[in-house]
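Peer 1:
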Amino acid sequence: MNGFDPARIAMLEAGSGLLIGSVALDGRPHGARAWSAELLGGARIRVGVAADDPVTVPSIDGRLVAVTAADVRTVESVQVKGHAVAKGAPNEHDRALLAAQSEAFLRSIEETDGDPIEYLRRLIPNRFEMIEVTITEIYDQTPGPSAGAPLDGVVGAHP
Numbered sequence: 221m222n223g224f225d226p227a228r229i230a231m232l233e234a235g236s237g238l239l240i241g242s243v244a245l246d247g248r249p250h251g252a253r254a255w256s257a258e259l260l261g262g263a264r265i266r267v268g269v270a271a272d273d274p275v276t277v278p279s280i281d282g283r284l285v286a287v288t289a290a291d292v293r294t295v296e297s298v299q300v301k302g303h304a305v306a307k308g309a310p311n312e313h314d315r316a317l318l319a320a321q322s323e324a325f326l327r328s329i330e331e332t333d334g335d336p337i338e339y340l341r342r343l344i345p346n347r348f349e350m351i352e353v354t355i356t357e358i359y360d361q362t363p364g365p366s367a368g369a370p371l372d373g374v375v376g377a378h379p
């Protein structure tokens with residue numbers, strides 16, 4: 221993918237802790253857990269969120285979106301920003317990614333925190349919505365002095 225560090229791309233798709241942030245229709249910021257992420261061609265990312273999220277799903281169309289991935293074990297983090305351009309039900313490929321990435325995330329929590337996996341699996345939503353975002357910016361969000369620093373690989377103009 222254009223200029224993006226392969227290790228950062230791997231973090232987005234490896235079952236990291238994922239968050240999606242946007243602005244609700246009333247202007248308030250909103251964040252939610254995301255359960256999968258897949259980088260697509262053309263500087264786009266497809267993200268799986270709970271279908272019953274009362275803010276993210278209904279108000280996401282065309283909005284600015286930030287997707288943050290953090291490695292549970294190291295807290296190394298990366299954030300991409302852009303605009304939501306599409307949403308819809310997951311296809312078979314999406315469902316496989318949702319299952320694999322959610323399981324990897326929960327296994328990381330089990331390993332680091334000791335929480336039993338059977339309890340953690342209760343967090344997984346029953347239904348998902350997929351949101352596609354065009355990526356225009358990428359940032360290092362790893363805690364420390366470089367948090368918030370832009371990374372090489374900015375794809376488009378900053379809004």
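Okay, so the sequence shown: first residue is 221 according to the numbering used here, each after it adds one. For each residue, glycine too, the CB sits at the ideal point set by N, CA and C.
Which runs of the alpha helix (DSSP H) fall wholly inside the stretch 317-376 and span at least 4 residues, in chain order?
Peer 2: With a minimum length of 4 residues, the continuous alpha helix (DSSP H) runs that stay inside the stretch 317-376 are 337-340.
Peer 1: Find the nearest neighbour of S236 within the set Y359, G302 and E296, judged by alpha-carbon distance.
Peer 2: With distances taken between Cα atoms, S236 lies closest to E296.
Peer 1: Return the CA-CA distance between K301 and E258, expressed in angstroms with no decimal places.
Peer 2: Approximately 14 Å between the Cα atoms of the pair.
Peer 1: Rounded to a whole number of angstroms, what is the C-alpha to C-alpha distance between H378 and P370?
Peer 2: Any reading at H378 is ruled out, since the residue's pLDDT is 35, under 50, leaving its predicted position unreliable.
Peer 1: Quick check on DSSP: helix, strand or coil for A304?
Peer 2: The answer is strand: DSSP assigns A304 an E or B state.
Peer 1: State the CB to CB distance for the pair V268 and P310, rounded to an integer number of angstroms; the pair is presumed to be in contact (CB under 8 Å).
Peer 2: The question names Val, but residue 268 in the sequence shown is Gly. Yes, G268 and P310 are in contact; Cβ-Cβ is about 6 Å, under 8 Å.
Peer 1: Any idea which residues DSSP pairs A257 with across the strands?
Peer 2: DSSP lists V267 as partners of A257.
Peer 1: Cutting at 8 Å between CB atoms, please list the residues of its own chain near Q361, excluding the five before and the five after it.
Peer 2: Answer for Q361: T288, A290, S297, V298, Q299, A367 and G368, listed in chain order.
Peer 1: The beta strand (DSSP E) with S279 in it runs from where to where?
Peer 2: Premise fails: S279 lies in the alpha helix (DSSP H), T276 to S279, not in any beta strand (DSSP E).
Peer 1: P274 to R253, Cα distance in whole Å?
Peer 2: For P274 and R253, the distance between alpha carbons rounds to 13 Å.
Peer 1: Do V285 and K307 count as a contact pair if the criterion is CB distance below 8 Å?
Peer 2: It is not a contact, given that the beta carbons lie outside the stated cut-off.
Peer 1: Roughly how many angstroms separate the alpha carbons of M231 and L326, rounded to a whole number?
Peer 2: Each residue's alpha carbon lies about 15 Å from the other.
Peer 1: From what residue to what residue does the beta strand (DSSP E) around A227 run?
Peer 2: Where A227 is concerned, there is no enclosing beta strand (DSSP E), although the alpha helix (DSSP H) it sits in stretches over P226 to E233.
Peer 1: Thinking C-beta only, is V292 closer than 8 Å to E352?
Peer 2: No.
Peer 1: Between R264, F348 and I329, which lies nearest to A316 when the distance is taken from Cα to Cα?
Peer 2: Of the listed residues, the one whose Cα sits closest to A316 is F348.
Peer 1: With C-beta atoms as the reference, is S322 less than 8 Å away from S256?
Peer 2: Yes, they are a contact pair.
Peer 1: Taking the CB atoms as reference points, tell me whether L238 and G251 lie closer together than 8 Å.
Peer 2: Contact flag unset, no.
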